[in-house]
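A quick write-up on the structure given underneath.
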DNA sequence: CAGTTATTTCAGAAATTACCGAAATTTAGT
DNA sequence: ACTAAATTTCGGTAATTTCTGAAATAACTG
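See the structure below:
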C-alpha cells in the first residue's frame, strides 16, 4: 500500500465532519478543499504535514500548498516544527474562541471595511450638484449601522474568551440593564 | 433613444455605490448582478420594475428575473403595486436595521444551522467505538460556541431597532456590568 | 376567449473558479 | 557549494457558476 503511507485513518464522525465543511465551503466563501483541510486540522490531535493532508483528503500536493497559503492569509494556522524532520506541520489554535475572533477580524477586513470606506468617501466629498439626496441618506444610514456594529465588534475583540462567553450568556437580560439606563438618562 | 425608455439616470455617487456592491457581491456570496440590483433598489427613492432594473444595469430581463427570485428567497424585497399598471415594482425596507436583521436571519439559516445540526448529530449518537475522542471534543467546543452566538443573536432579533442601537452603543461599557455581576455571583 | 403584456423557465454560451501535474524555487544537511 | 528533500509557482484543463435569448407560462384587457 504505497499510497497510504501518509494518509490518516478517519472514523465515520470525522469523515462526516470533513465532508460537511467541504460542502459548506462554497457558502462560506472558501472552496471545498480548503474547507476540508481546515476541518481535518481542527479535529486532528496531531499536527499534520502537507503530504498528510494531501493523501488523507485525496488532493494534489500543489492544491494543498495553495490551501495552506490561503489559510495562512487568514491567520488560521499554527505551524509546529518537529525536531529531526524537515517537513512543516500544521495545526489550528486550540481555543475555538480565538479561531472565531480571527475569522471575524479577517472577514471584516475583506468584506466590510472596503464597503465602509467606499461609503465614507461618498458621504465626505462635497457631492456634485446632481447627486441624489435620497441616495446619500440611505448610504448614510447603512454606513452608520455598519460602523456601529464594527466598533462594537472591535470592543468585543478586546475581551477575554471567558468574558465574552459570560456576556453572550447574559443574552437579553442585558435588556434589563438597558431598561435601567433608559430610565436614568431619560430626557425631559 | 429606444433603449433608455426605462433606464434610470444615475449620478456618480449612485453609480459608484452600485458598482461597488457588484464587485463585493462575490465576497458576500451573492453574484455581481444581484448585488447591483439590490444596491440600486436601496438608493432608489421610487420602487423599480424589473424592466427598469434590467435597462439601468444593462442586464438581460431573464437575469433580472432570476435575481428577483433570489432576493425574494432572502426576504429582502418589498413589492409595491401601482394602480393602473400591471408591472410589479420593487423596493427594499426603509429601515436598514430591518434589512440587517433579515440578512442575519437568512445567513444563519443557510450557513450556520446546517452545520450546527450536523455537529449535534455527531455528538448525540452514541458514537461508534473507533471514534476519536479528541475530534468529538473539538466538535463539542465548536458546537457550543456557535450555539451560544446563535442563541444570543436570536434574543437580539427580538429587540427594537432603537433598543439594539442603544445596546451596541454601550459597547464595552457592558464590561462594567459584567464586573459587577462577577463580583456578586463569584463562587468562593 | 382572443389578443397583449408581464414574468418565469430553461438549455446552452460565456465567464469564472478550482484543481492538477510539471517545472522551478527554496531549504537544509553534508 | 552540492545534493536531495520539501515546497511553491504556473500553464492549462476541468468543473462550476453566471448570464443570455428563446420559448413557455401566467396575468390581464377588452
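Protein chains in written order, with my numbering: chain H, 1220 to 1407; chain D, 1220 to 1407.
By construction, the Cβ of each residue, glycine as well, lies at the ideal position given by its N, Cα and C atoms.
- Three or more pairs of CB atoms, one per stretch, sit closer than 8 Å, so the segment 1257-1274 of chain H contacts the segment 1308-1323 of chain H.
- Identification of chain D residues near residue 1346 of chain H by a Cβ-Cβ cut-off of 9 Å yields 1230, 1231 and 1232, ordered along the chain.
- Closest in alpha carbon position to residue 1292 of chain H, among H/1328, H/1341, H/1270 and H/1259, is H/1328.
- Residues 1383 of the same chain have their beta carbon placed closer than 7 Å to that of residue 1375 of chain D, with the five preceding and five following residues left out of the count.
- In this structure, residue 1362 of chain D lies near residue 1338 of chain D, with their beta-carbon atoms less than 7 Å apart.
- Apart from sequence neighbours up to five positions away, the residues of its chain that approach residue 1274 of chain D with a beta-carbon distance below 6 Å are 1225 and 1226, ordered along the chain.
- Listed along the chain, the chain D residues whose CB falls inside 9 Å of the CB of residue 1235 of chain H are 1337, 1340 and 1341.
- Residues of chain D with a Cβ closer than 9 Å to the Cβ of residue 1256 of chain H do not exist; the shortest Cβ-Cβ separation is about 15 Å.
- Secondary-structure assignment with DSSP links residue 1275 of chain D through no beta bridge to anything.
- In the DSSP secondary-structure assignment, residue 1268 of chain D is bridged to D/1308.
- Residue 1272 of chain D is a Cβ neighbour of residue 1283 of chain D, given a cutoff of 7 Å.
- Its Cα nearest to that of residue 1256 of chain D, the residue D/1286 stands out among D/1286, D/1395 and D/1381.
- Interface criterion met: the Cβ of residue 1371 of chain H is under 7 Å from a Cβ in chain D.
- The C-alpha of residue 1332 of chain D is placed about 16 Å away from the C-alpha of residue 1319 of chain H.
- Taking all protein chains in view, the Cβ of residue 1232 of chain D is crowded by 16 or more other Cβ atoms within 10 Å, so the residue is classified as buried.
- Residue contact check for residue 1380 of chain H against chain D: no CB pair falls below 7 Å.
- Among the CB atoms of chain D, none fall inside 7 Å of the CB of residue 1317 of chain H.
- Taking all protein chains shown into account, residue 1299 of chain H has fewer than 16 neighbouring C-beta atoms within 10 Å of its C-beta and is therefore exposed.
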